[in-house]
Amino acid sequence: MKISFITTNAGKYKEVKSLLLGYDIEVLWVKRKYEEDTDDTIEDTAKKAARKLADELNSPIILEDTGLFLRHIPVSLAHRLNSYLKHLDMREYLDY
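So for the sequence shown, this note's numbering puts the first residue at 95; every next one is plus one.
So, in structure tokens, the structure goes:
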């Protein structure tokens, strides 16, 4: 079976591919960005994007979507935090 993993992040692709080793699944890397409807919950956002991409590719897909949720944080601090996180050792897992 072939399944497309959609991400621009090489670290995420390598992790998913290694998790599926030993199964009869070939993971294809589709390196592309996609439009996200951020007005919904993260679950709804991921579902909408997954359905749209699966239809476009006419293929089963894996789409990984995560979020960091902080309540009551000033916008100016959120921007600084985002900038800081991009420079941690986990850079391979962050999309820029």
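Every residue, glycine too, gets a C-beta built ideally from N, C-alpha and C.
Check the Cα spacing between glutamate 137 and each of Glu158, Lys111, Lys106: the tightest is with Glu158. Taking 8 Å as the cut-off, the beta carbon of tyrosine 128 is found closer than this to the beta carbon of isoleucine 100. About 6 Å separates the Cβ atoms of leucine 122 and lysine 96, confirming a contact at the 8 Å cut-off. In the structure shown, lysine 111 falls within a helical segment according to DSSP collapsed to helix, strand and coil.
The Cβ atoms of valine 110 and leucine 151 lie no closer than 8 Å to each other.
Of the other Cβ atoms in all chains shown, fewer than 16 fall within 10 Å of the Cβ of tyrosine 178; this residue is therefore exposed.
Counting along the chain, lysine 127 sits inside no alpha helix (DSSP H), nor does DSSP assign it H or E at all.
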